[in-house]
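Student:
Residue numbers (the numbering used here), protein chains in the order written: chain A, 141 to 353; chain B, 141 to 353.
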């Protein structure tokens, strides 16, 4: 089973690394970390990850995962990446995204009529891309799995692991990464957050996603 | 404010990347990703991260974070890393660990009489290192913050962010990474997990931590 992570400059590290921690444990899975060019990928938090393969060497995937970015509009300047996403999606059993990665799927044209989610702050950017914006931490529609913001990728990957390798396996991975979350505050979604904090954050993020109007 | 992440070969990527996603957003923070040598660090899931600075260039930290590894005994072969941890700890405001990173703090000799936690499967490895094993997702004792397994680093980092930059800031980061966890199964701790899954996993992990007996 080939699980392909798309990496790109200024992506959000945790969007990819959360699911990677889960999916890399799947028995018999080969993980490909793929970017326009192999080598260093500087994420939007300054951490550098290494992509092992250039896009040109990967022509199919069982699972494709597209992470998001604080400013996913950067991918608008790389139509060859969007073209590659469109091509790989035709071969997948599961096409998945985390956070604003779904806007990249949408920009690639593969969310037409598909129920999907994204980071809450840019939720209204889904509709112009043809998707059916759907609230939820993980949204499944056919073979498309989209996760909400950043940390939701962990929930999505565990759900996918259950589909790919069975519930006991997914539960063992969840226990292995001790995913029994207990945040000190219960403010991780827009409904639960302080409105002032939420609107300041929304304005800051939306400003970076003008292109996706 | 200097926040120093220790990187080392075969570390667990998510142990570091979860907190990195949180702490890198702190205003005025400089993040250092430090390893024995600068350059490629292959994590235990196959993902390669880049360390920017060698240990020799970092002599102090406001915050030190030590991630764990599926097999943290690898650090037993690198006494100079343990020596560096011991030296940096003397300069910190907060010394922190995720998962089996606390066993590294213990091996460095800085958990004597300190209440601490670690990954549930190797919990009994804390006592021989002088620590007071304490159950909890995040344990604070003086300036030492230890988190439970892998994903607990996110909870720890948000708690630390509240201390360093205030509660509203920490809440904004939590909302920014949409940390409103909703795992499909509620099996992420040993108490909640299926006993057969738990004991199989415990045996497998313990076998890798013989040195810490």
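The beta-carbon is built from N, C-alpha and C at its ideal position, and this holds for glycine as well.
Per DSSP, which one or two residues make a beta bridge with residue 173 of chain A?
Tutor: Numbered from its first residue, the first chain carries residue 173 of chain A at position 33. For residue 173 of chain A, which the question treats as bridged, DSSP gives the partners A/145.
Student: Return helix, strand or coil for residue 300 of chain A, following the three-state DSSP convention.
Tutor: The residue you call residue 300 of chain A lines up with position 160 of the first chain. Residue 300 of chain A: helix per DSSP, three-state reduction.
Student: In three-state DSSP terms, what is residue 167 of chain A?
Tutor: By one-based count along the first chain, residue 167 of chain A stands at place 27. Note: residue 167 of chain A maps to coil in three-state DSSP.
Student: Less than 8 Å between CB atoms is the rule here; does residue 329 of chain B satisfy it with respect to chain A?
Tutor: As a first step, residue 329 of chain B must be located in the second chain, where it is residue number 189. For residue 329 of chain B, the answer is yes, since a Cβ of chain A falls inside 8 Å of its Cβ.
Student: Please work out which residues of its chain come closer than 8 Å, Cβ to Cβ, to residue 208 of chain B, disregarding the five sequence neighbours upstream and downstream, and give them in chain order.
Tutor: Position 68 of the second chain, counted from the first residue, corresponds to residue 208 of chain B. Same-chain partners within the cutoff: 151, 152, 155, 237, 238, 239, 240, 241, 242, 243, 244, 258, 259, 289 and 290.
Student: Any idea if residue 235 of chain A is buried or exposed, counting beta-carbon neighbours within 10 angstroms, 16 or more meaning buried?
Tutor: Your numbering for residue 235 of chain A matches position 95 in the first chain. With 16 or more Cβ atoms within 10 Å of its Cβ, residue 235 of chain A is classed as buried.
Student: Determine the chain A residues that contact residue 295 of chain B at a beta-carbon separation under 9 Å, and present them in chain order.
Tutor: As a first step, residue 295 of chain B is located in the second chain; it is residue number 155 there, counting from the start. In chain order: 321, 322, 323 and 324.
Student: What residues from chain A crowd round residue 302 of chain B, counting only those whose CB sits closer than 9 Å?
Tutor: As a position in the second chain, residue 302 of chain B is number 162, starting the count at 1. Result: 324 and 325.
Student: Tell me the DSSP secondary structure of residue 270 of chain B in three-state form.
Tutor: Stepping through the second chain from its first residue, residue 270 of chain B is reached at position 130. Three-state DSSP puts residue 270 of chain B in coil, outside helix and strand.
Student: Is the CB-CB distance between residue 201 of chain A and residue 181 of chain A below 8 Å?
Tutor: Residue 201 of chain A sits at position 61 when you count from the first residue of the first chain. Residue 181 of chain A sits at position 41 when you count from the first residue of the first chain. In this structure, residue 181 of chain A does not lie closer than 8 Å to residue 201 of chain A by Cβ.
Student: Report the CB separation of residue 314 of chain B from residue 298 of chain B in whole angstroms; it is logged as a contact under 8 Å.
Tutor: As a first step, residue 314 of chain B must be located in the second chain, where it is residue number 174. As a first step, residue 298 of chain B must be located in the second chain, where it is residue number 158. The pair is a contact, with the Cβ atoms about 6 Å apart (cut-off 8 Å).
Student: Give every residue of the same chain whose Cβ lies closer than 7 Å to the Cβ of residue 295 of chain A, excluding the five residues on either side of it in the sequence, and list them in chain order.
Tutor: Locating residue 295 of chain A in the first chain gives position 155, counting from the first residue. Answer for residue 295 of chain A: 277, 278 and 287, listed in chain order.
Student: Rounded C-beta distance between residue 211 of chain B and residue 348 of chain B? I'm assuming under 8 Å.
Tutor: Counting from 1 along the second chain, the entry for residue 211 of chain B is found at position 71. Counting from 1 along the second chain, the entry for residue 348 of chain B is found at position 208. Rounded, the Cβ-Cβ distance is 4 Å, consistent with contact.
Student: Identify which residue in B/167, B/146 and B/262 has its Cα closest to the Cα of residue 199 of chain B.
Tutor: Your numbering for residue 199 of chain B matches position 59 in the second chain. Checking every option, the nearest Cα to that of residue 199 of chain B belongs to B/146.
Student: On the three-pair Cβ rule with 8 Å, is the stretch 333-344 of chain A touching the stretch 247-255 of chain A?
Tutor: The stretch 333-344 of chain A, when compared against the stretch 247-255 of chain A, does not touch it at the 8 Å Cβ threshold.
Student: If distances are taken between C-alpha atoms only, which option among A/204, A/224, A/158 and A/219 comes closest to residue 141 of chain A?
Tutor: As a working note, residue 141 of chain A is residue 1 in the first chain. Of A/204, A/224, A/158 and A/219, the residue nearest in Cα terms is A/204.
Student: Note the first and the last residue of the continuous beta strand (DSSP E) segment covering residue 234 of chain B.
Tutor: In the second chain, residue 234 of chain B corresponds to position 94, counting from 1. First-last of the beta strand (DSSP E) with residue 234 of chain B: 234-238.
Student: In this structure, what does DSSP give as the bridge partners for residue 280 of chain B?
Tutor: Taking the first residue of the second chain as position 1, residue 280 of chain B is located at position 140. Residue 280 of chain B pairs with B/285.
Student: Which residues share a DSSP beta bridge with residue 189 of chain B?
Tutor: What you label residue 189 of chain B is simply residue 49 of the second chain in a count that begins at 1. In DSSP, residue 189 of chain B forms a bridge with A/189 and B/181.
Student: Would residue 160 of chain B and residue 187 of chain A be called neighbours here (beta carbons separated by less than 8 Å)?
Tutor: Taking the second chain and counting its residues from 1, one reaches residue 160 of chain B at position 20. Taking the first chain and counting its residues from 1, one reaches residue 187 of chain A at position 47. Contact: yes.
Student: Under 9 Å between beta-carbons, which chain A residues line up against residue 260 of chain B? List them in chain order, please.
Tutor: For the purposes of this step, residue 260 of chain B is taken as residue 120 along the second chain, with counting starting at 1. Near residue 260 of chain B (Cβ distances below 9 Å), the residues of chain A are 315 and 318.
Student: Does any CB atom of chain A fall closer than 8 Å to the CB of residue 177 of chain B?
Tutor: Translated into the one-based positions of the second chain, residue 177 of chain B becomes position 37. Answer no: the Cβ-Cβ gap between residue 177 of chain B and chain A never drops below 8 Å.
Student: Residue 149 of chain B touches chain A at which residues, Cβ-Cβ below 8 Å?
Tutor: Along the second chain, one-based indexing puts residue 149 of chain B at 9. Those within 8 Å of residue 149 of chain B in chain A number zero; the least Cβ separation is about 14 Å.
Student: For my contact list, residue 174 of chain A and residue 195 of chain A are in at a C-beta cut-off of 8 Å; report their separation, rounded to the angstrom.
Tutor: Here the question's residue 174 of chain A lines up with position 34 in the first chain. Here the question's residue 195 of chain A lines up with position 55 in the first chain. Rounded, the Cβ-Cβ distance is 6 Å, consistent with contact.
Student: Would you kindly report the start and end of the unbroken alpha helix (DSSP H) that includes residue 341 of chain B?
Tutor: The sequence position of residue 341 of chain B within the second chain is 201, counting from 1. 335-347 is the span of the alpha helix (DSSP H), which, as asked, contains residue 341 of chain B.
Student: Let me check understanding here. Comparing Cα to Cα, which of A/308, A/176, A/263 and A/266 lies closest to residue 220 of chain A?
Tutor: Position 80 of the first chain, counting from 1, holds the residue named residue 220 of chain A. When only C-alpha atoms are compared, the closest one is A/176.
Student: In the DSSP output, what is residue 194 of chain A paired with across the bridge?
Tutor: Against the first chain, residue 194 of chain A aligns to sequence position 54. BP columns for residue 194 of chain A point to A/175.
Student: Determine, for residue 337 of chain A, whether the minimum Cβ-Cβ distance to residues of chain B falls below 8 Å.
Tutor: Numbered from its first residue, the first chain carries residue 337 of chain A at position 197. By this cut-off, residue 337 of chain A is an interface position.
Student: Within a Cβ cutoff of 7 Å, which residues of the same chain sit near residue 275 of chain B, ignoring the five residues on either side of it in sequence?
Tutor: The residue you call residue 275 of chain B lines up with position 135 of the second chain. Cβ neighbours of residue 275 of chain B beyond the five flanking positions: 257.
Student: Here's the rule I'm using: 16 or more other beta-carbon atoms within 10 Å means buried, otherwise exposed. How should residue 344 of chain B be labelled?
Tutor: Looking up residue 344 of chain B in the second chain gives position 204. So residue 344 of chain B ends up on the exposed side.
Student: Consult DSSP for residue 150 of chain A and reduce its assignment to one of helix, strand or coil.
Tutor: For the purposes of this step, residue 150 of chain A is taken as the residue at position 10 of the first chain. Looking at residue 150 of chain A - three-state DSSP - the assignment turns out to be coil, as it is neither helix nor strand.
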